Amino acid sequence: MKFAVLRFPGSNCDQDCLRTLRDTFEVTAEPVWHKETSVAGYDVIVIPGGFSFGDYLRCGAIARYSPVMTAVREAAQKGTPILGVCNGFQILCESGLLPGALVRNRKLHFICRHVHLRLENNTTPFTRQGTIGQILRIPIAHGEGCYFADNDTLDTLEQNGRVAFRYCTEDGAITEDANPNGSVRNIAGIINENGNVLGLMPHPERACESRLGSDDGRLVFASLIEFALHSAS
Amino acid sequence: MKDPAITPDVIAQHGITPEEYQHIRTILGRDPNFTELGIFSVMWSEHCSYKNSRPELKKFPTSGPRILVKAGEENAGVLDVGEGWAVAFKIESHNHPSAVEPFQGAATGVGGIIRDIFTMGARPIFLLDSLRFGPIENHAPDAATNRQLFSGVVSGIAHYGNCIGLPTIGGETWFDETYAGNPLVNVFCLGVLRHEEIARGAARGIGNPVFYVGAETGRDGLAGAAFASRELTEESKEDRPAVQVGDPFREKLLLEACLDLLASGAVAGIQDMGAAGLTCSTCETASRGGSGIDVDLNLVPKREEGMTPYEILLSESQERMLVIVHKGQEDRVREIFEKWDLPYACIGHVTDDGIMRIREKGNIVAEIPAAALTDEAPVYHRDAADWTPPEALDITTVPETDLIAALPRLLSHPSLANKRWIWEQYDHMVRNGAVVGPGSDAAVFFARECEKFFAAAVDGNGLITRLDPREGGRRCVAEAARNLACSGAVPLGATDNLNFGNPHKPEIFRQLRDAVEGMAEACRAFDTPVTGGNVSLYNENPAGPIDPTPVVAMVGIIEHESHITRQGFRGTGDSIWLLGDRAAGLDASQFLLLLHGRKEGRPPQTDLAAEVTLHQTLRDAIRDGLIRSAHDCAEGGVAVALAECCLSGETLVGADVILHNDGRRDDESLFHEAPGRILVSVNPADEERLQELTTLCRVPAYKLGTTGGDQLVIRIRTSSFVWPLQELSESWNTSLGALMGGVAETPNAS
Amino acid sequence: MKIRVTVLPKPSVLDPQGVATADAMQHLGWKNPGRVRVGKIIEIESPGERPDEDKLHAICRDLLSNPVIEDYTFEIVES
Amino acid sequence: MKIRVTVLPKPSVLDPQGVATADAMQHLGWKNPGRVRVGKIIEIESPGERPDEDKLHAICRDLLSNPVIEDYTFEIVES
Ligand SMILES: Nc1ncnc2c1ncn2[C@@H]1O[C@H](COP(=O)(O)OP(=O)(O)O)[C@@H](O)[C@H]1O
Ligand SMILES: [Mg+2]
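Chains as they are written, first to last, in this note's numbering: chain A, 88 to 320; chain B, 69 to 818; chain C, 70 to 148; chain D, 70 to 148.
See the structure below:
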């Protein structure tokens with residue numbers, strides 16, 4: 088079982104992801120520099136949060152051209168699970184691996200706080216240990232996390248169960264108030280058509296230890312590990 | 069392009085006195101040229117030489133068994149924290165740049181202090197910020213401007229800290245008219261390292277190559293040094309910016325590259341280019357190494373064409389470092405810089421003659437004994453005015469007001485309100501360490517590198533220091549120590565930022581001197597050596613100098629995770645106790661200031677011995693598992709502190725308490741600000757043990773009441789004051805956001 | 070040669086920055102500034118050859134703008 | 070009426086975004102894009118009257134740009 092955690096210039100959650108995977112889940116996790124041209128041999132690829140290339144121009148706009156992204160695209164085709172968190176989600180959208188875009192938060196501020204998420208699909212490699220409607224408490228930390236896509240795209244996403252998580256209230260209601268950044272239809276995370284690429288604005292790696300206020304994020308990594316073990320056998 | 073002649077005018081414009089000029093001539097044995105004059109001028113400025121404050125700074129205790137690098141030796145002090153691990157930390161101000169351009173000013177302030185820390189070889193792990201602005205309430209004069217400054221500074225800090233991936237986990241923020249037009253922006257950074265990883269800013273090893281790495285040099289920050297630069301290059305005078313623009317992305321690359329570099333063993337010495345950029349870094353490294361340095365400006369990576377030696381040497385472009393490399397290791401160094409896509413160049417080498425020698429196009433453009441620049445800077449013993457202690461407040465002159473209304477008014481004042489609007493803009497969770505983030509007395513950070521829990525708090529009190537500078541100095545140190553104790557931590561050391569007015573004025577110098585003496589006294593009492601700090605003088609606005617505002621950041625360690633304590637009440641049925649002495653008047657209180665508009669009275673004096681015992685006793689009680697929550701009573705007195713305990717837990721928890729009035733008025737009982745008091749909540753089953761402990765340690769302890777319900781009830785003899793928590797929560801939680809809701813955002817924050 | 074690329078949010082995309090700017094203009098006394106959109110301008114001063122139109126379009130479309138949310142135009146100011 | 074305000078970093082001010090963009094253009098195969106600056110464009114489509122020039126300058130200077138580090142220009146595209 089081997090996780091790759093991509094590292095772009097300006098990534099800053101790579102260490103958090105590596106430590107979480109190694110210390111909390113005791114799996115092998117290795118950093119992969121953005122100039123690498125192969126991600127062969129990894130069971131799961133994580134694109135961590137941060138400010139790749141300073142988030143200059145647009146978040147993720149420059150990172151998508153890094154050599155490693157060609158390899159990531161091939162891995163995605165082959166069905167390798169790919170998790171993009173925060174800036175990772177932005178990179179996946181910019182790369183066209185996920186539809187839509189992430190734009191400036193509705194209130195224009197960067198926001199760092201715990202939010203509640205409702206799990207909408209538990210058949211993905213990232214959520215298989217969860218139940219539909221399950222509520223998770225996980226932090227967000229972003230300035231440009233407002234998910235946007237046109238209505239057709241959104242309808243397609245919804246019809247195919249590709250919305251994985253939505254922002255909700257503590258009791259699971261999908262309301263305007265529970266939407267921290269103005270994302271359309273309260274979308275916090277989506278998957279691709281094949282179901283092996285997840286983009287997620289909240290940070291599950293920051294919610295894997297109770298001393299950090301929540302360990303609800305374990306669901307995502309535990310599911311991935313289970314999935315990978317399953318696929319290997 | 070010819071350098072201007074050295075006339076008395078030019079000398080004066082460089083802030084150099086005729087006596088200083090003579091001294092320069094003696095050092096050189098000749099007249100300096102224009103470039104050399106510029107070099108002396110920045111190196112002998114207050115910012116680099118502390119010429120007005122150095123004698124005062126000597127009063128701080130700076131040694132102790134944990135000190136590995138002392139204050140003043142390097143960019144930041146370093147403290148031993150056990151098992152071969154150490155911390156490097158420091159606070160730094162960026163007040164003047166933030167007044168001119170709040171976003172970039174604050175951002176580059178963050179960048180500067182982070183560089184100071186990784187220059188020491190430490191991995192930076194968190195930040196704190198201490199902020200002061202003019203009033204922002206709608207009715208206040210210049211409210212819109214003050215809001216813009218406030219908003220700009222917060223987004224600037226957020227921009228830089230978030231991008232580089234360092235959490236800002238705590239701070240303090242005050243609003244007062246004294247800071248209108250002259251905001252204070254002090255930022256603190258802490259890093260961790262192994263003892264053997266401590267890097268030195270010394271140029272050692274004759275013949276070792278000197279590398280420049282980081283952003284290209286531009287004409288940044290030159291007007292800031294305020295010179296006769298107009299004659300320099302006519303075409304560029306218009307666009308010579310006083311403000312530096314920060315590039316946190318570059319700094320992140322620089323940080324990672326420098327840590328890689330230090331780990332490679334190729335580095336003989338390293339120094340960041342902060343104020344006075346290339347000048348300061350070359351002569352300081354040479355001076356520390358007892359060596360000389362020979363640098364060719366042609367080789368320096370530049371952003372603009374046609375820069376003069378003067379401009380290159382004095383540029384304050386950000387995100388640059390000077391690295392002295394062991395001869396033979398150049399390729400290893402190049403490889404690392406190339407991996408991180410950083411501009412770099414080998415610009416010179418270390419020499420044995422003690423001279424800082426600067427070349428350009430084959431000519432020598434400056435030649436100065438390096439040590440003269442750093443060690444022979446003038447030192448001034450300024451005059452201090454006499455001081456008469458302020459009159460004690462005559463309480464009969466304070467009209468009695470509606471006290472039920474007073475508490476929500478205080479809680480909704482920007483200075484006392486919940487600062488969530490600020491710290492939600494900071495990524496305070498990155499690095500997965502903020503076990504106690506912003507919103508409790510001290511922040512607690514789990515440093516995964518060394519598996520240790522550090523606590524940190526930053527405090528200052530301009531009002532008290534204005535009224536009684538010595539007490540103000542003691543007070544901020546004691547409060548920081550108390551905040552740490554409340555979180556369960558033992559303090560290890562402190563760093564300070566002295567924000568004062570113009571020291572040439574005897575009354576200002578008096579404030580500086582007394583405040584430093586008060587801080588020094590308190591640091592001795594708590595056994596927290598000062599590991600370094602920063603001095604920011606000439607903080608004045610058209611209405612006069614700011615209230616003197618020394619700020620101290622203190623760092624502590626928590627032995628065991630189970631000792632971590634927070635300020636919020638945890639549930640119903642706990643007993644509430646007040647530890648520490650109780651009686652005082654409304655002198656120098658926020659109640660008197662915010663509700664009556666008066667900066668008056670004789671501040672109650674900090675009893676350092678009693679504080680030390682109080683903190684130790686609290687820590688003992690925490691270790692014994694007796695304490696459910698602990699919160700220090702500071703600004704706003706016991707009433708505000710109680711409200712904060714009710715409002716800052718995981719859920720709202722009410723309280724019902726009785727205050728003894730000591731024959732005083734109710735407003736005094738509720739809102740006086742005697743230092744040295746801590747509110748704790750305990751399980752009733754543990755009360756007896758707490759009482760035994762406090763009796764044994766001779767710490768006054770009073771049971772006030774019980775937690776529970778959905779209101780805060782305070783009874784004083786026959787009166788009882790009742791506040792529904794919902795209303796208090798509304799006042800405390802929403803006021804800052806509501807005030808700032810309509811402020812146009814700084815658009816370049818991405 | 071100077072090329073100026075203008076990137077503006079598509080009309081259908083929420084532009085909170087534009088809204089906030091319009092509000093602020095009203096505070097400054099402009100009663101009805103109407104619809105305000107905030108976009109980016111990228112000014113390229115290139116000493117060398119300019120890429121052909123197709124290449125320029127590709128750069129604008131793939132790098133300088135995101136077609137999901139933005140429209141671009143470019144003009145050659147001097148050549 | 071349409072007004073277009075362009076805000077660009079002053080020539081001597083560091084423009085990290087421009088630098089990053091120029092680098093990225095090189096990776097996309099434009100050998101020497103030269104100096105790239107990234108600024109803001111504010112497009113105002115106002116139904117009503119347009120403020121006089123002085124007022125417009127004031128809005129550009131005080132709200133839309135930061136005169137310490139940026140220059141602005143505006144043009145009236147239609148009126
Ligand atoms: N500028 C800021 N940045 C981050 N946290 C802040 C800031 N200002 C205040 N805070 C946080 O808000 C809480 C209350 O601050 P303060 O009123 O100074 O507390 P105390 O009186 O207990 O020292 C603290 O946890 C502090 O860290
Ligand atoms: Mg405080």
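All C-beta atoms, glycine included, are put in the ideal place defined by N, C-alpha and C.
Because the structure is a prediction, the values reported are computed rather than measured.
**Report entry** Neighbourhood of Glu-181 (chain A) by C-beta, 6 Å cutoff - its chain only, sequence neighbours within 5 removed
**Finding:** Gly-147, Ala-148 and Arg-151
Query raised in the report: So with Cβ pairs under 7 Å, would you call Asn-230 (chain B) a contact of chain A?
Result: yes
Requested in this report: Measure the CB-CB distance between Val-82 (chain C) and Tyr-141 (chain C) and report whether it falls below 7 Å.
Outcome: no
Query - Stretch pair the region 538 to 547 of chain B + the region 162 to 176 of chain B: three plus CB contacts closer than 8 Å - result: no
Query raised in the report: Looking at the structure shown, is Asp-364 (chain B) part of a helix, part of a strand, or coil, going by DSSP?
Result: strand
Query raised in the report: Using a beta-carbon distance below 7 Å, is Val-105 (chain D) in contact with chain B?
Result: no
Query raised in the report: Looking only at its own chain, which residues have a Cβ that is under 7 Å from the Cβ of Val-107 (chain D), when we skip the five neighbours before and after it?
Result: Asp-84, Gln-86, Gly-87 and Thr-90
Requested in this report: Could you name the residues of chain A that His-496 (chain B) contacts, counting a contact when the two beta carbons are closer than 7 Å?
Outcome: Cys-199
Query - Close-in-space but distant-in-sequence residues of the same chain around Arg-785 (chain B) (CB under 8 Å, 5 per side omitted) - result: Asn-729
Query - Listed by chain order, chain D residues near Arg-318 (chain B) by CB distance under 8 Å - result: Pro-85
**Report entry** Proximity below 7 Å, CB of Gly-777 (chain B) to CB of Gly-641 (chain B)
**Finding:** no
Query raised in the report: Does DSSP put Lys-194 (chain A) in a helix, a strand or coil?
Result: coil
Query raised in the report: By the criterion of Cβ-Cβ separation under 9 Å, what are the contact partners of Gly-141 (chain A) in chain D?
Result: Pro-85, Gln-86 and Ala-89
Requested in this report: Identify which residue in B:His-481, B:Ala-590 and B:Ile-532 has its Cα closest to the Cα of Val-545 (chain B).
Outcome: B:Ala-590
**Report entry** Within chain D, partners of Pro-149 (chain A) - CB distance below 7 Å
**Finding:** The sequence as given places Ile at residue 149 (chain A); Pro does not occur at that position. Under the 7 Å cutoff, chain D gives Ala-89 and Ala-93.
Report task. Below 9 Å between beta carbons is the criterion; list the residues of the region 266 to 281 of chain A that meet it against any residue of chain C, in chain order. Result -> Gly-269 and Val-271
Query raised in the report: Which chain A residues sit within Cβ distance under 7 Å of Arg-516 (chain B)?
Result: Arg-106
Query raised in the report: Which residues in the same chain have their Cβ closer than 8 Å to the Cβ of Ala-288 (chain B), if we skip the five residues on either side of it in sequence?
Result: For the record, residue 288 (chain B) in the displayed sequence is Asp; it is not Ala. Result list for Asp-288 (chain B): Pro-309, Val-311, Gln-312, Val-313, Ser-383, Glu-384, Ser-385 and Gln-386, in chain order.
Requested in this report: Report the neighbours of Glu-181 (chain A) on chain C: residues whose CB is nearer than 8 Å to its CB, in chain order.
Outcome: Asn-135
Query raised in the report: Are the CB atoms of Glu-231 (chain A) and Arg-205 (chain A) nearer to each other than 7 Å?
Result: no
**Report entry** Segment contact flag, the region 698 to 709 of chain B with the region 742 to 749 of chain B, C-beta cutoff 8 Å, min 3 pairs
**Finding:** yes
Query raised in the report: What does a CB cutoff of less than 8 Å around Thr-218 (chain A) pick up in its chain, not counting 5 residues either side in sequence?
Result: Leu-206 and Asn-209
**Report entry** Under 9 Å by beta carbon: chain D residues contacting Leu-43 (chain A)
**Finding:** Because chain A spans 88 through 320 in this model, residue 43 (chain A) falls outside it and cannot be assessed.
Requested in this report: Identify whether Pro-792 (chain B) lies in helix, strand or coil by the three-state DSSP scheme.
Outcome: strand
**Report entry** Whole-angstrom distance between Val-260 (chain B) and Met-188 (chain B), CA atom to CA atom
**Finding:** 10 Å
Query raised in the report: Given that a residue counts as buried once 16 or more other Cβ atoms are within 10 Å of its Cβ, and exposed if not, what is His-96 (chain D)?
Result: exposed
Query raised in the report: So the alpha helix (DSSP H) Asp-140 (chain C) belongs to, where does it begin and stop?
Result: Careful: Asp-140 (chain C) lies outside any alpha helix (DSSP H), inside the beta strand (DSSP E) at 139 to 147.
Report task. State buried or exposed for Ala-293 (chain B), treating a residue as buried only when at least 16 other CB atoms are found within 10 Å of its CB. Result -> Note that Ala-293 (chain B) has pLDDT 45, beneath the 50 cutoff, so the model's placement of it is unreliable and no number is given.
**Report entry** Residues near Ala-343 (chain B) in its chain [Cβ-Cβ closer than 7 Å; skip 5 each side]
**Finding:** His-115, Cys-116 and Glu-384
Query - Beta-carbon spacing of Trp-112 (chain B), Ala-460 (chain B) below 7 Å - result: no
Requested in this report: Compare the beta carbon distance of Ala-525 (chain B) and His-683 (chain B) with 7 Å and say whether it is the shorter of the two.
Outcome: no
Report task. Take every Cβ of the region 186 to 200 of chain B, pair it with every Cβ of the region 233 to 243 of chain B, and state whether three or more of those distances are shorter than 8 Å. Result -> yes
Query raised in the report: For Glu-755 (chain B), which residues from the same chain have a beta carbon less than 6 Å from its beta carbon, with the 5 sequence-adjacent residues on both sides left out?
Result: Ser-643
Query raised in the report: Under a CB-based cut-off of 7 Å, is Asp-140 (chain D) close to chain C?
Result: no
Query - Leu-772 (chain B) to Glu-712 (chain B) span [Cα, whole Å] - result: 16 Å
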